[in-house]
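Enquirer:
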Amino acid sequence: MPRLQFKGKILVENHHLSVPFHEMVPVREKGLNLRASLHDNLIIHGDNLAALKSLLPFYRGKVKCVYIDPPYNTGNEGWVYNDNVTSPLIQDWLGKTVDRDDLTRHDKWLCMMMPRLKLLRELLREDGVIFVSIDDNEVHHLRCLMDEVFGAENFFVTLSRRAMHTVRNSSKDFNLNADFILVYARYKEWFATDKGRYIRQLVDKSKAYPHDDNDGRGPYKLDPIHARNYYAPYTHEFKNGMVWSAPSGRYPAYSEATLEQMETDGRIVFGGKEPSVKRYLSDVQEGRPPDAVLDPTNVGFNKDGTGELSEIFGTGGIFPQPKPTKLIRFLLGLLRDPDAIILDSFAGSGTTAHAVLAQNHEDGGKRRFILVECEDYADSTTAERVRRVIRGVPGAKDETLKSGFGGTFSYFELGSAMRQESLLDGSHLPSWEKLASYVFFTATGQEFDPSVTNRGTGFIGQTVSHDVYLLYEPDVDRLKDLALSLSEARALPSGSRKKLVFAPAKYLDREFLHKYSIDFQQLPFQIYEAMDRGEK
């Protein structure tokens with residue numbers, strides 16, 4: 001497969017592995033929940049690369065849908081490269097606005113996108129899908145990059161959308177009024193093996209199925225039992241004595257055995273000259289394949305997104321071309337999963353959260369959103385929009401929006417990085433639960449569940465082969481003396497299961513550890529060794 005080359009690629013292709021986990025600091029008063037929870041709807045304020053890495057202990061392999069609307073790199077957006085990669089080349093890029101005259105702007109954009117796409121892929125479920133909005137400034141580069149990160153075999157389609165409804169007479173050549181959405185699966189083969197997973201556009205066919213016998217089988221329509229396509233002619237006698245054969249120029253639509261079974265099932269209706277068969281709505285495959293060129297009737301224009309912001313805030317705000325909620329709701333509808341987790345790591349004005357809440361209100365779904373926004377407006381615009389659509393917008397024309405969609409969300413700030421050196425010198429000690437989530441995920445690769453932990457015993461979770469324990473206190477003086485001692489070891493539950501114990505030190509010999517099925521790992525260095533050995 002051809003591979004895209006760009007300046008800085010070799011420096012960033014594994015950068016996501018070196019990004020440290022960060023604490024997620026709850027800010028309860030900025031959310032709409034009495035108790036902040038990482039398993040609520042989430043709005044996270046902070047660098048999205050660090051936030052995505054920090055979400056891994058809780059959401060790796062859990063996200064059904066990713067929708068992102070990254071900078072289009074038009075040269076007029078004023079985005080800044082901020083990934084602190086250890087390299088003189090990258091260091092020279094830090095903090096500088098990427099404008100149209102920057103000869104490396106495409107390289108910088110690709111260096112920014114690559115590690116984020118790699119982390120987003122890790123967060124997706126095996127049947128997950130990612131949608132990325134982009135325009136023709138970077139669509140060709142993005143397609144090559146996503147082929148590399150997700151695999152060309154997992155590419156679905158490039159959707160085309162008419163973003164603006166007006167004609168720009170100032171355009172030199174073509175009226176550039178379209179943008180695109182690249183669609184990839186985590187594993188496309190999952191969709192090929194199960195029709196229930198097919199991507200489908202839902203279509204209301206209820207009017208075409210006008211009959212209902214109230215027998216539990218639902219609406220149906222009457223279809224003829226003959227067709228134009230050739231099928232071996234036959235004459236059939238029904239149980240009521242009626243003798244039937246297909247009219248001249250037509251052929252039976254079903255085999256005679258199928259026709260007999262339909263009559264036994266009560267699906268044949270006699271009336272008029274020809275018998276008919278009941279075709280139930282439930283027999284029809286749900287939805288149809290969506291068109292690659294999106295109909296503005298279904299997805300709206302950017303002006304609709306501006307109108308939504310104006311209705312909520314009284315002004316369109318700082319976002320010149322916000323996406324309409326119709327677009328996000330349309331994409332969610334293709335997946336047909338009312339319990340999906342939807343992640344948007346370029347949250348902007350919060351359209352994705354608005355769309356999720358609106359869709360849940362309409363169909364009773366339990367979808368959850370995770371938004372990440374690095375800019376200062378994360379609270380004043382992103383979260384404030386979500387607060388208003390949950391509580392209700394008094395001046396809204398739409399009655400549902402006026403009364404509010406209901407729901408909750410928790411607001412988090414990205415806190416300090418959990419680095420090994422800070423644990424060693426005591427400059428920053430995370431809470432027991434924060435370190436537990438970091439240790440458990442890093443050592444096992446599995447989701448951390450805080451509800452099963454026991455701080456008294458140090459238990460933080462289990463794998464197929466191990467119970468995992470953490471002996472730790474966020475206090476420098478106590479850490480100096482904290483170790484896996486004889487009393488600590490004997491307090492661990494007895495049994496045949498192995499025990500993986502993380503602690504600053506131990507006072508036990510190898511024979512004792514072996515006797516009690518204890519695998520000791522010293523904090524902080526041996527966290528990664530446990531993962532490398534496959535403690536899963």
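Sequential numbering of the sequence shown, starting at 1, is according to the numbering used here. Glycine included, C-beta positions come from ideal geometry on N, C-alpha and C.
#1: Tell me the DSSP bridge mates of phenylalanine 131?
#2: Whose C-beta lies closer than 6 Å to the C-beta of glycine 31 among residues of the same chain, with five residues either side of it excluded?
#3: Under 8 Å between the Cβ atoms of proline 324 and glycine 305?
#4: By a C-beta neighbour count over all protein chains shown, 10 Å radius and 16 as the cutoff for buried, is threonine 382 buried or exposed?
#5: Please check the pair leucine 42 and valine 19, which I expect to be a contact at CB under 8 Å, by giving their CB distance rounded to whole angstroms.
#6: If we call anything under 8 Å between Cβ atoms a contact, is proline 296 one with leucine 309?
#7: Classify arginine 100: buried if its beta carbon has 16 or more other beta carbons within 10 angstroms, exposed otherwise.
#8: If I follow the unbroken alpha helix (DSSP H) through isoleucine 90, where does it start and stop?
#9: Using the Cα positions of glutamine 462 and valine 468, report the straight-line distance between them to the nearest angstrom.
#10: Measure the beta-carbon distance from tyrosine 220 to arginine 279 and round it to whole angstroms, keeping in mind my assumption that it falls under 8 Å.
#11: Please report the residue range of the alpha helix (DSSP H) in which proline 115 lies.
#12: Kindly indicate which three-state DSSP category valine 293 falls into: helix, strand or coil?
#13: Report the rounded CA-to-CA distance for glutamate 399 versus glycine 406, giving the unit in angstroms.
#14: Count the CB pairs spanning the stretch 116-129 and the stretch 343-358 that are closer than 8 Å, and state whether there are at least three.
#15: Round the Cβ separation of arginine 391 and glycine 404 to the nearest angstrom and send it over; I've been treating them as touching at under 8 Å.
#16: Taking Cβ to Cβ, would you say alanine 178 is nearer than 8 Å to serine 160?
#17: Under a Cβ-count criterion, where at least 16 other Cβ atoms within 10 Å of its own Cβ denotes burial, should glutamine 521 be classed as buried or exposed?
#18: Under the DSSP definition of a beta bridge, which residues are partnered with proline 26?
#19: Going along the chain, which unbroken runs of the alpha helix (DSSP H) with 4 or more residues stay wholly within the stretch 340-426?
#20: If I'm right that isoleucine 312 touches arginine 388 with Cβ under 8 Å, what's the distance once you round it to whole angstroms?
#21: Closer than 8 Å is the cut-off here; do at least three beta carbon pairs connect the stretch 243-263 with the stretch 206-217?
#22: Note the first and the last residue of the continuous alpha helix (DSSP H) segment covering leucine 11.
#23: Select from Leu500, Leu222, His236 and Gly249 the residue whose C-alpha is nearest the C-alpha of arginine 228.
#24: Nearest to methionine 418 by CA position, among His15, Met24 and Gly8, is which residue?
#25: Could you tell me whether the Cβ atoms of phenylalanine 502 and leucine 523 are closer together than 8 Å?
#26: Whole angstroms are fine: how far does the CA of phenylalanine 459 sit from the CA of aspartate 449?
#27: Quick one: grab the DSSP three-state call for glutamine 526.
#28: In whole angstroms, what is the alpha-carbon distance linking tyrosine 231 and valine 277?
#29: Leucine 508 and leucine 471 - do their beta-carbons sit closer together than 8 Å?
#30: Kindly indicate the opening and closing residues of the beta strand (DSSP E) around alanine 503.
#31: Since methionine 262 contacts aspartate 147 with CB under 8 Å, what's their CB separation in whole angstroms?
Expert: Here's the rundown:
#1: Tyr67 and Val183
#2: Phe409, Ser410 and Tyr411
#3: yes
#4: buried
#5: Contact doesn't hold; Cβ gap of about 19 Å is too wide.
#6: no
#7: exposed
#8: 88-93
#9: 6 Å
#10: 6 Å
#11: 105-123
#12: strand
#13: 13 Å
#14: yes
#15: 5 Å
#16: yes
#17: buried
#18: Phe412
#19: 351-363, 384-391, 399-403 and 420-425
#20: 5 Å
#21: no
#22: 9-12
#23: Gly249
#24: Met24
#25: yes
#26: 11 Å
#27: With a pLDDT of only 45 at glutamine 526, under 50, the local geometry of the prediction cannot be trusted, and no value is derived from it.
#28: 17 Å
#29: no
#30: 498-503
#31: Not really, about 48 Å apart at Cβ, beyond 8 Å.
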